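Have a look at the structure below, then the notes.
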Amino acid sequence: MSELNATAAALLGLLHDGPATGGQLVAGAGERFGAFFSVTRSQVYRELPALSKEGLVRLGKQGPRSSQQYLITAAGKKAFKAWLTSEAGPDHLRSPLILRLVHAASLTAKQRQVLLDSARTSYGQQLDDAKAATKAADGPYEKAVAEFAQAQAKAALKLLDAIPAA
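The numbering used here numbers the first residue of the sequence shown as 571 and each following residue consecutively.
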């Protein structure tokens with residue numbers, strides 16, 4: 571694997587904490603990255619065999635219901651470190667909400683209101699979660715990321731508030 575993609579790097583980063591199954595990696599990604607980087611179950615199960623084939627992870631113990639643990643290898647740690655120290659490049663925002671808002675004219679007034687109300691509830695919860703994460707942050711990097719999540723949720727709520735009522 572010449573260059574890690576962000577999903578592969580996210581998985582290797584999670585595996586630094588110890589062996590994990592695909593399901594545990596999905597859950598861990600949701601907990602650690604949920605506010606700013608989504609990782610789907612299908613992405614995890616597509617990346618793990620590729621990482622294994624490249625020697626960046628190895629199979630660990632087999633668990634109940636045929637769950638398979640993965641462990642990061644020395645090559646995986648080296649590849650992750652190389653990814654961490656490489657140029658980050660531009661961020662790419664993939665917001666399902668913004669995509670829906672761009673096409674909101676195709677919805678009825680009632681459907682648009684449901685979309686807006688649902689988004690307000692979701693981003694309100696994200697803001698509350700980010701505030702709690704900020705308070706619980708152990709170090710300056712974790713705190714900065716949690717504060718960024720707060721700012722992102724506030725920006726989304728500001729966007730929703732800027733849309734005139736139907």
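Glycine residues also receive a C-beta, built at the ideal position from the N, C-alpha and C atoms. Keep in mind that this is a model prediction, so the values were computed, not measured.
Task: Whole-angstrom distance between L654 and H673, CA atom to CA atom - done: Locating residue 673 in the sequence shown gives position 103, counting from the first residue. Locating residue 654 in the sequence shown gives position 84, counting from the first residue. Each residue's Cα considered, the two are about 36 Å apart.
Run of the beta strand (DSSP E) containing G630, from where it starts to where it stops
Working through the sequence shown from its first residue, we reach residue 630 at position 60. It spans 627-632 - the beta strand (DSSP E) in which G630 sits, taken as one unbroken run.
Quiz item: What residue range is occupied by the uninterrupted beta strand (DSSP E) comprising I733?
Solution: As a working note, residue 733 is residue 163 in the sequence shown. Neither: I733 is in no beta strand (DSSP E) and is coded neither H nor E.
**Message:** Tell me the residue span of the alpha helix (DSSP H) that contains L663.
**Reply:** As a first step, residue 663 is located in the sequence shown; it is residue number 93 there, counting from the start. Premise fails: L663 is in no alpha helix (DSSP H) and is neither H nor E.
For L784, report the span of its alpha helix (DSSP H) as first-last. In the structure as shown, the chain begins at 571 and stops at 736. Residue 784 is therefore absent and cannot be evaluated.
### Query
From this set, S612, A707, F607, T577, which residue's C-alpha is nearest R664's C-alpha?
Looking up residue 664 in the sequence shown gives position 94. If we check each option's Cα against that of R664, F607 comes out closest.
Check your understanding: Should A716 be labelled buried (16 or more other beta-carbon atoms within 10 Å of its own) or exposed?
Key -> Counting from 1 along the sequence shown, the entry for residue 716 is found at position 146. Looking at its Cβ environment, which holds 16 or more other Cβ atoms inside 10 Å, A716 is buried.
### Message
On the criterion of 16 or more Cβ atoms from any shown chain inside 10 Å, does G633 qualify as buried, or is it exposed?
### Response
Walking along the sequence shown from the start, residue 633 turns up at place 63. So G633 ends up on the exposed side.
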